[in-house]
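Working notes for the structure below.
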Amino acid sequence: NAGVTQTPKFQVLKTGQSMTLQCAQDMNHEYMSWYRQDPGMGLRLIHYSVGAGITDQGEVPNGYNVSRSTTEDFPLRLLSAAPSQTSVYFCASSRQGPGNEQFFGPGTRLTVL
Amino acid sequence: AQSVTQLGSHVSVSEGALVLLRCNYSSSVPPYLFWYVQYPNQGLQLLLKYTSAATLVKGINGFEAEFKKSETSFHLTKPSAHMSDAAEYFCAVSSTSGTYKYIFGTGTRLKVLA
Numbered sequence: 001n002a003g004v005t006q007t008p009k010f011q012v013l014k015t016g017q018s019m020t021l022q023c024a025q026d027m028n029h030e031y032m033s034w035y036r037q038d039p040g041m042g043l044r045l046i047h048y049s050v051g052a053g054i055t056d057q058g059e060v061p062n063g064y065n066v067s068r069s070t071t072e073d074f075p076l077r078l079l080s081a082a083p084s085q086t087s088v089y090f091c092a093s094s095r096q097g098p099g100n101e102q103f104f105g106p107g108t109r110l111t112v113l
Numbered sequence: 001a002q003s004v005t006q007l008g009s010h011v012s013v014s015e016g017a018l019v020l021l022r023c024n025y026s027s028s029v030p031p032y033l034f035w036y037v038q039y040p041n042q043g044l045q046l047l048l049k050y051t052s053a054a055t056l057v058k059g060i061n062g063f064e065a066e067f068k069k070s071e072t073s074f075h076l077t078k079p080s081a082h083m084s085d086a087a088e089y090f091c092a093v094s095s096t097s098g099t100y101k102y103i104f105g106t107g108t109r110l111k112v113l114a
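Protein chains in written order, with our numbering: chain A, 1 to 113; chain B, 1 to 114.
Shown next as structure tokens:
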């Protein structure tokens, strides 16, 4: 099993550009989520999904869109990048239900100039 | 609303000394609690979790944590630090119903001195 994979590993954007961060998992997990990690702020939840076709907002959803057309994939879209979105982005997945471990991808380091 | 607070953004210990990383939670009902570790340039890995069974939870790499409801705490300990323990550690809370969203603390960076 590859676990949770994320592409790209690194990305530099100019302000106003759009892009999609890819996330895929091969563990048949229902629950998937996107976090951003900033120094001194820990991980903050952007969006999450409890299954194909079902998504919801986390703590910091503004400026990001998600969709979940399959169980395996959960892409994160930046519609118009801003310098405030410079961060490290992590995708995670888990089985649905309480107390389950989240499995994390290796992260995408995004810089917006 | 649930939250976690990690006291100390940076902790330094000598190799062989006790490691103590502090985590306090806020929740109206006993939640599920987790400790994750992040090594440089990697994603997070689960160290241990509390899911309302035993209050003393043992994890990987010799770490353990004790759930204390009266103190709303879930501190992480290891009797003897090793150089390989240098990493960032995150405490997280998850509700026991609903959508089970995780809320992470701000992290504690552990430095181990030779």
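Ideal Cβ positions, reconstructed from N, Cα and C, are used throughout, including at glycine.
Remember, it's a predicted structure, so these values are computed and weren't measured experimentally.
With distances taken from CA atoms, which of V112(A), E72(A) and G107(A) is nearest P40(B)?
Nearest option by C-alpha distance: G107(A).
Is the CB of M41(A) under 7 Å away from at least one CB in chain B?
Taking Cβ atoms only, chain B reaches closer than 7 Å to M41(A), which makes this a yes.
Distance, Cα to Cα, E15(B) vs P79(B)?
Distance from the CA atom of E15(B) to the CA atom of P79(B), rounded to whole angstroms, is 11 Å.
Could you tell me which chain B residues have their CB closer than 9 Å to the CB of F90(A), listed as they occur along the chain?
Here the neighbours are G43 and L44.
Nearest chain B C-beta to E30(A) closer than 7 Å, yes or no?
Judged by the 7 Å Cβ criterion, E30(A) is not in contact with chain B.
Quick check: is the beta carbon of F104(A) nearer than 7 Å to any beta carbon in chain B?
It does; some Cβ of chain B falls within 7 Å.
Nearest to W34(A) by CA position, among E59(A), N28(A) and G3(A), is which residue?
Ranked by how close their Cα comes to the Cα of W34(A), the residues E59(A), N28(A) and G3(A) have E59(A) in first place.
Can you look up K111(B) in the DSSP assignment and give me helix, strand or coil?
DSSP, read as helix, strand or coil, puts K111(B) in strand.
For the candidate residues L110(A), Q25(A), M27(A) and S18(A), whose alpha-carbon lies nearest to that of T86(A)?
Of L110(A), Q25(A), M27(A) and S18(A), the residue nearest in Cα terms is L110(A).
Flag G107(A) as yes if its beta-carbon sits less than 7 Å from any beta-carbon of chain B, otherwise no.
At least one CB atom of chain B sits nearer than 7 Å to the CB of G107(A).
For the stretch 29 to 109 of chain A, which segments carrying the beta strand (DSSP E) assignment without a break, of at least 3 residues, lie completely within its bounds, in sequence order?
The qualifying runs are 31 to 38, 42 to 51, 54 to 57, 64 to 66, 76 to 78 and 87 to 94.
Let's test the definition: count the other Cβ atoms within 10 Å of the Cβ of N100(A) and tell me whether it reaches 16, buried, or not, exposed.
Looking at its Cβ environment, which holds 16 or more other Cβ atoms inside 10 Å, N100(A) is buried.
So with CB distances below 7 Å, who are the chain B contacts of G53(A)?
For the C-beta of G53(A), not a single chain B residue is nearer than 7 Å; the gap to the nearest is close to 15 Å.
Can you check whether the C-beta of G3(A) is within less than 7 Å of a C-beta belonging to chain B?
With 7 Å as the cut-off, G3(A) does not count as an interface residue toward chain B.
Going by beta carbon distance, what residues of the same chain come within less than 6 Å of Q21(A), once the five residues before and after it are set aside?
Reading off the sequence, residue 21(A) comes out as Leu, not Gln. The beta carbon of L21(A) sits closer than 6 Å to those of L76, Y89 and T108, all from its chain and outside the five residues before and after it, given in chain order.
How would you write the range of the beta strand (DSSP E) that F63(B) sits in, first residue to last?
Element bounds for F63(B): n/a, residue is neither H nor E.
Have a look at A1(B), A17(B) and R22(B) and flag the residue whose alpha-carbon is nearest the alpha-carbon of L7(B).
Out of A1(B), A17(B) and R22(B), R22(B) has the C-alpha closest to the C-alpha of L7(B).
Please list, in chain order, the chain A residues whose beta carbon lies closer than 7 Å to that of G62(B).
Chain-ordered listing is empty here: chain A has no CB closer than 7 Å to the CB of G62(B), the nearest sitting near 19 Å.
Would you verify that the beta carbon of T51(B) is, or is not, closer than 7 Å to some beta carbon of chain A?
For T51(B), at least one C-beta of chain A is nearer than 7 Å to its own C-beta.
C-beta neighbour in chain A for T5(B), strict 7 Å:
By this cut-off, T5(B) is not an interface position.
Could you tell me whether the Cβ of G16(B) comes closer than 7 Å to any Cβ of chain A?
No, no contact with chain A.
For K101(B), three-class secondary structure by DSSP:
Assignment of K101(B) by DSSP, reduced to helix, strand and coil, places it in the coil class.
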